[in-house]
Amino acid sequence: MDLLFYRFRWYAFETGRLLRRYWKALFLITMLASPALMPVLDQARVLGTPALFGLSGEHSFGARLASLVLYEGAGVLWIMIQRNAVGGGIFADYLQSLPVSPAHSRRISLIILSIANTPLFLPVYAALFATASLSKPGLSMLYVLNLVLLTTSIQMAVLERALYRELPWIFLFTLAAVDAVHLSPPFGLLMQAGSAIAMLSALAGEPTLQEPRAGGQSLRDRLIGTKALCTQAQAQAQAQAQAQRHRMLSSALAPLYRLSARILLDRYRTATVSRGLVSLFATVGSILLMRIWGFDSRALPLALLTQALIAMITAGAYRDLRREHERATSYFAALPIPAPALARADTFVVVVSGLPFAAALAIAVALHRSASSVAGTGTCLASAALFVPLLTALRIPQVHLPRQSLIGAFLLTSTWTIGVWLLFL
């Protein structure tokens, strides 16, 4: 109980800091997303759409599999954002030196993870409420349960740094969960129940050994005196890969632009990859939804909204670059570099990182002639071109208004979306 109490305290401390930073954005999103005049059952169906998508017989096997994989990917991103809070932070390193069994530590992590997943599993809870009105409530509830277990399993694999080892069997259970929904009741129930029992036993069992962390020894190694986790061969391979990346950047970019790119790729690699994955999921999800709609008149507004969302996500890189530039202020003051040069380099790198996703949305809508006119196609292509000034303007709230950056970014993207729509309407 003491271990669980201390882990709770650490999670509350870390999460409290995040809530103090982003409470205004969370409140705004909640107010915008909550329907006003809608029955409770309809609200549950709308909220549970991500979980209920796989239960619909109107979609193909590939579409249902893609929806489940996207939900699992959202779970991975959710736990990557909170890895320090859920994993215990520096307390987890100290715990390695104590006589605590790995299974007991994993049970504690599962309890903390179940609490951390409460916002992520809101669609699942709504889907459980909505499955009571479906034709096969038992099979549907087992599918929703398997969705929870699959997402939790892949999150635990991320926490234990064993994602590549656990990914094959998680993918097999994902295929089984998608295929068993539309089988006849005896076979479907047996397959869903067997998958659930197997995943529960895997979560309750002994955890897999963690992969060595590159870059030094853990606290346990320093206290007990075991061998170093990073071998000399691994260090040389990492040094060679980093040198190769630097050579590629050196041949393609000017020094200041190369500096901004290296800050994002080396110092903030996890945050940069997370932003890229979220943008990729938003792009793929929007294109799949437009395909379901048949690229009708709703496709263009959805593309504009998704481009605005990608711009807000990508603009977070300005904050990382500003933080690094502030640390090196005295060094840059001694160099003959004009002040706007760093701003231009940062803006160029950030725009290049977000422009492919906006261009993919515009091209997808333009190829299908969403508005069945030349004007609609021109609007799609112009939105990709106007994405550049939007992402450039988002540097202002991120750099000069850090405390109100989310509200400022929301106002800018809202104005841009409405302006582009009215300009080409």
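So the number in this note's numbering is just where the residue sits in the sequence shown, counting from 1, plus 735. The beta-carbon is built from N, C-alpha and C at its ideal position, and this holds for glycine as well.
Worksheet item: Excluding the five sequence neighbours on either side, which residues of its own chain have a C-beta within less than 6 Å of the C-beta of Arg-1057, listed in chain order?
Response: Here residue 1057 refers to the residue found at position 322 of the sequence shown. Cβ neighbours of Arg-1057 beyond the five flanking positions: Val-1134.
Practice problem: Kindly give me the distance between the Cβ atoms of Leu-1190 and Thr-909, rounded to whole angstroms, as I take these residues to be in contact under 8 Å. | Solution: The displayed coordinates of the chain run from 736 to 1160. Any statement about residue 1190 would go beyond what the structure contains.
Closest by CA to Met-934, which one among Ala-911, Ser-1032, Gly-923? On the sequence shown, position 199 is the one that residue 934 refers to. Cα-wise, what sits closest to Met-934 is Ala-911.
For Asp-1031, which residues from the same chain have a beta carbon less than 6 Å from its beta carbon, with the 5 sequence-adjacent residues on both sides left out? As a working mapping, residue 1031 is identified with position 296 in the sequence shown. Answer for Asp-1031: no residue qualifies.
Practice task
Let me know the beta strand (DSSP E) ranges lying completely inside the region 1059 to 1130, each 3 residues or longer, listed in chain order.
Solution key: The region 1059 to 1130 contains no whole beta strand (DSSP E) run of 3 or more residues.
Exercise. Taking all protein chains shown into account, decide if Ile-846 is buried (16 or more other Cβ within 10 angstroms of its Cβ) or exposed.
Key: Here residue 846 refers to the residue found at position 111 when the sequence shown is read from its first residue. With fewer than 16 neighbouring CB atoms inside 10 Å of its own CB, Ile-846 falls in the exposed class.
message: Can you check which of these residues, Ala-1097, Val-879, Tyr-1053, Leu-833, is closest to Leu-1141 by C-alpha distance?
response: What you label residue 1141 is simply residue 406 of the sequence shown in a count that begins at 1. When each option's Cα is compared against that of Leu-1141, the closest is Tyr-1053.
Notebook entry, point to check: If you pair each beta-carbon of the region 1078 to 1088 with each one of the region 1144 to 1157, do three or more pairs fall below 8 Å?
Noted result: no
ask   = Starting from Pro-920 and walking both ways along the alpha helix (DSSP H), at which residues does that stretch end?
value = One-based indexing of the sequence shown puts residue 920 at position 185. Per DSSP, Pro-920 belongs to the alpha helix (DSSP H) from 920 to 939.
*Measure from the alpha carbon of Ile-825 to the alpha carbon of each residue in Ile-1022, Glu-749, Asp-1055, Glu-1059, then state which is nearest.*
Numbered from 1 along the sequence shown, position 90 holds the residue referred to as residue 825. Considering only alpha carbons, the answer is Glu-749.
Taking three-plus beta-carbon pairs below 8 Å as touching, is the region 1031 to 1048 in contact with the region 813 to 828?
no
Is there at least one Cβ from chain D nearer than 9 Å to Ala-1095's Cβ? Among the chains of the structure shown, chain D does not appear; only one protein chain is present.
Exposed or buried, which one is Phe-796 when buried takes at least 16 other CB atoms within 10 Å? As a working note, residue 796 is residue 61 in the sequence shown. By the Cβ-count criterion, Phe-796 is exposed, with fewer than 16 other Cβ atoms from all chains shown falling within 10 Å of its own Cβ.
Closest residue to Tyr-992 among Pro-1091, Val-1084, Leu-1129 (Cα-Cα distance) = For the purposes of this step, residue 992 is taken as residue 257 along the sequence shown, with counting starting at 1. That would be Val-1084, whose Cα lies nearest to the Cα of Tyr-992.
Suppose you measure from the CA of Asp-1001 to the CA of Ser-1009; what does that come to, to the nearest Å? Residue numbering aside, residue 1001 sits at position 266 when the sequence shown is read from its first letter. Residue numbering aside, residue 1009 sits at position 274 when the sequence shown is read from its first letter. If you draw a straight line from the Cα of Asp-1001 to the Cα of Ser-1009, it comes to about 14 Å.
* Simplified DSSP state of Phe-856, which is helix, strand or coil -> To locate residue 856, count along the sequence shown from 1; it is residue 121. In this structure, Phe-856 counts as coil in the three-state DSSP scheme.
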